[in-house]
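For the sequence shown, the working numbering assigns the number 463 to the initial residue and increments by one for each residue that follows.
Note that CB positions come from ideal geometry on N, CA and C, so glycine has one too.
Working notes, beginning with the structure itself.
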Amino acid sequence: MNNGKPNWWSRPSSAPEAARIPAPPSSGDGDGDFPLPAPHPPTTPPAQAPEPAGTDLRAAGPAGAEARAAEAEAEAETTGTGTGPQAPEPVAAGSPDPAPSVVLTKGEPRDPAPEEVPHVQDPAPTPAPQAQTQAQPLHAPDEYRTPPYGEPGPWAPAPPVQRPPAPVPPHPHPQGPAPWTQYDPWGVGGPALPPPPAKRSRKGLAVAGALVFALITGVIGGGIGAYVERNGGLTTVELPQSDAKDTGRAPESVAGIAASALPGVVTLHVRGGGSSGTGTGFVLDTKGHILTNNHVVDGARSSADISVTFSSGETARAKLVGKDTGYDLAVVQVTGVSGLKPLPLGNSDGVRVGDPVVAIGAPFDLSNTVTSGIISAKERPITAGGEKGDGSDVSYVDALQTDAPINPGNSGGPLLDSKARVIGINSAIRAAGGSGGDGEGGGASQPGSIGLGFAIPINQGKRVAEELINTGKATHPVIGVSLDMQYSGDGARVGQKGKDGTASVTPGGPAAKAGLRPGDVITKVDGQRVHNGEELIVKIRAHRPGDRLELTLERDGKELTKTLTLGSSQGT
C-alpha cells in the first residue's frame, strides 16, 4: 500500500515467498471482491530450452527487445492472464535475482527505447519446472493484501489502459500562464505543475502608479476647483481696476460739457402762496445774478421764500430782482457766496437743426441731472401759462425744440451746445394726452418727457435778463394793433375794434404809420408764414423794440407788403 492506495501490481512470485503467505479465508458463498474465474493453464507447459551460459537474449538493442517481447507473450499465454501488463515485483532480501521482465500495456505492445533497458548480465538459466497434474496459482496469496484483497496476484484485473499524455504546445507568450490540463495520476512524470507566477515588470508598475497618482490629483483638483468656484476663492477677492488718474474727457463730450457747466448750475426751492415748487437756474455773473423761469419763482413773496443750492452742496437765500410773464423769465440774486462760476452765453441765431445739446436740471427734485439730445427744430411758436384765465400769465416763445429729456424741475435750466455755452433756457414740454397746454408745471398733472422739449432762445433771454437786472422790468416789441383771436382762417386778422371798444389800430403807432387797417390779414413776417394770431405775437416778440419788420398782408383779395418799426411796451 502507498498512502492508503493500492499498488496495482500483478506479477509471479517465487515459491519460497508464496509458501509463507497464508491463504485468505473463503466467504462461503463463493463470491469475492473480484469474482474472477481461476485460470486454467495447460497441463503440460511448453518446454523451455536452456540458454547457453553468458548469452543475454534481453540485452539492450532492438533484437533484445523483440526477444523479450516474445518471451513475455509466451509467458502470458501460459499463465492465462492475457496480454495485460506485468509489473516487476520487488526482490526480497536473500532471494535469487530473478530475470528482469518487461511490462506491457494491454493491447499496446511497446518496445522500450534503447536508453530505457540497461544491459544486465543474466544468471545461469533455471531449469523449467515440471508440469503438475493440478492447476495451481503461480504464487500463494499476498500477505500484504495486494488486490484483489488476499487473492492470488494473477487473478487481479489489469490496470486501465495507459497512454502517454499529448504534448502541450508551447504558450504563445513565454511569460503567460500555463494552459489548463486534465490531471492524470497515471501520466508519465506525474501531474503538471503550474509554472511559477511571472514577475511584473517595473515598467508596468510605474505606469500603474502614474495612473493612480493622476486619478488622485484629478479628484483633489476638481474638489478644490469646485470649492473655489462656489465660494469665490480661498482668499479675499481683489478685482482689477483701472488707474484713478484716467479722468480725462474730451471737452466736447457730454462728460466734458457736464464737468464744465455743473459748477454754474443751481437748484431753486420756492415756498409761498400756499404752494412750493422746484426749478433750476444758472449763474449769469460774479455778482450772484441767476436766470430762471418766471413760473418757477412766481409764488415767492419775499427773499425768505427762495432757496438756492449749488452743485457743491452750498445753500444760500436769494432775492427776486425782476420777472416778466410775457417771456416767462425771471432773475434772482444771491449774496455772500464766493467762487461763483458764471456760464458763458452762446448765440441762438447760429444754432442749426441736428446740433448736439446737453440739458442740466433737477427733474423731480433730482439735482444736477444731465441729459443729452439734439436740436429738433427752431422757431417753434409756443404759448405757456394761462391758468389765470385773463391772459395775463400767458407767455409767447419762439422756442428751440429739443429731444433731450426735460421733465418738471428742469425749468429754468441751461441748454448747452458742444462748447458748453448756453443757447437756450429750458421752459416747457409737450405732454402726451394733455389738454394742449405747453407750460411745465401748469395744470394738475405732472407729465413726463416724451422727447418734445422747448427752450427760450438765449438771445431773447439775454435781452430780457439785462433789462430785469438794470430796470427790474422788461420791454416788449409791439406793432400797435389788436388782433382777432377768434379768426379761424389762415393768418392773423386785425380786429374791427380793440379792447374796451377802442380802435383796433393804435393811432400814431407803428401799424398806423405803416398804413394797416382793421380787417387786414397778415400772412407773413419777414417772409415767414404765420397761421394765426399767436404765431404773429411770437414772431414779433422774437425781436427787439426798434427793429424793422416787413409784413405781407391781404386786403380785399389783394396781397400788400408793409414795412414798419417796432414800438415798445412795458411788460408785467
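Rounded straight-line distance, which links the Cα of residue j to that of residue i
| i | j | result |
| --- | --- | --- |
| T1014 | S944 | 17 angstroms |
| N830 | I887 | 16 angstroms |
| G816 | I837 | 5 angstroms |
| G775 | T985 | 51 angstroms |
| P939 | R842 | 19 angstroms |
| V681 | K665 | 25 angstroms |
| S728 | E700 | Sequence check: residue 728 is Val here, not Ser. Looking at the two C-alpha atoms, the distance is approximately 39 angstroms. |
| S722 | T1023 | 48 angstroms |
| N693 | T833 | 41 angstroms |
| F916 | V690 | 56 angstroms |
| T754 | G875 | 7 angstroms |
| A821 | P713 | 16 angstroms |
| Q948 | A882 | 43 angstroms |
| L734 | V758 | According to the sequence displayed, residue 734 carries Gly and not Leu. Roughly 11 angstroms separates the two Cα atoms. |
| I920 | L877 | 9 angstroms |
| G726 | D705 | 29 angstroms |
| G670 | T679 | The residue you asked about is not Gly; residue 670 is Ala in the sequence shown. About 14 angstroms. |
| R892 | T845 | 11 angstroms |
| A824 | G687 | 50 angstroms |
| L862 | R925 | 17 angstroms |
| T771 | V1000 | 33 angstroms |
| I421 | G710 | The structure shown does not extend to residue 421, since the chain spans only 463 to 1034, so no value can be given for it. |
| N809 | K935 | 23 angstroms |
| F408 | T698 | In this structure the chain extends from 463 to 1034, so residue 408 is not present and cannot be described. |
| D946 | R763 | 35 angstroms |
| K707 | I752 | 34 angstroms |
| A976 | P870 | 43 angstroms |
| K961 | G788 | 18 angstroms |
| Q795 | S737 | 21 angstroms |
| T937 | G1008 | 11 angstroms |
| L730 | T968 | 41 angstroms |
| A778 | T933 | 24 angstroms |
| L978 | S857 | 26 angstroms |
| G784 | S765 | 12 angstroms |
8 angstroms contact criterion, which residue i and residue j should meet: CB distance rounded
| i | j | result |
| --- | --- | --- |
| D827 | T740 | 5 angstroms |
| A792 | N756 | 5 angstroms |
| V799 | G750 | 6 angstroms |
| G1033 | D790 | At roughly 11 angstroms, the Cβ-Cβ gap does not stay under 8 angstroms, so G1033 and D790 are not in contact. |
| D767 | V732 | 6 angstroms |
| D982 | R1010 | The Cβ separation is near 19 angstroms, so there is no contact. |
Closest Cα partner of residue i within the set the options
| i | options | result |
| --- | --- | --- |
| V987 | I941, Q958, K935, P867 | I941 |
| V859 | K803, I918, G735, A721 | I918 |
| T964 | T833, V813, D879, P980 | P980 |
| S773 | T787, A792, R779, L724 | L724 |
| I868 | R883, T698, R1017, A890 | A890 |
| L782 | R892, D982, A927, G808 | A927 |
| R814 | D879, G726, T937 | D879 |
| R1006 | K961, D705, E929, A778 | E929 |
| S769 | T797, V819, S911 | T797 |
| L807 | D1009, D982, G923 | G923 |
| D811 | G1008, R1017, A1004 | A1004 |
| I885 | N932, P818, I1002, T933 | P818 |
| G913 | G835, L978, T933, Q990 | G835 |
With 16 other Cβ atoms within 10 Å as the buried cut-off, status of residue i
| i | result |
| --- | --- |
| E578 | Caution applies to E578, whose pLDDT of 44 falls short of 50 and renders its modelled position unreliable; the model cannot decide the point. |
| I719 | buried |
| G685 | exposed |
| G1019 | exposed |
| N872 | buried |
| P702 | exposed |
| Q958 | exposed |
| S966 | buried |
| S911 | buried |
| A839 | exposed |
| T864 | buried |
| L667 | exposed |
| A894 | exposed |
| G683 | exposed |
| A672 | exposed |
Below-7 angstroms beta-carbon distance, residue i vs any chain D residue
| i | result |
| --- | --- |
| I920 | Considering every chain present, this structure includes no chain D. It has just one protein chain. |
Inset, instruction - Give a yes or no on contact between the region 795 to 807 and the region 739 to 754, applying the rule of three or more CB pairs nearer than 8 angstroms. - result: Enough Cβ pairs lie closer than 8 angstroms, so yes.
Inset, instruction - Give a yes or no on contact between the region 1020 to 1033 and the region 967 to 978, applying the rule of three or more CB pairs nearer than 8 angstroms. - result: yes
Inset, instruction - Check whether the region 945 to 960 touches the region 991 to 1007, taking contact to mean three or more Cβ pairs, one atom from each stretch, closer than 8 angstroms. - result: yes
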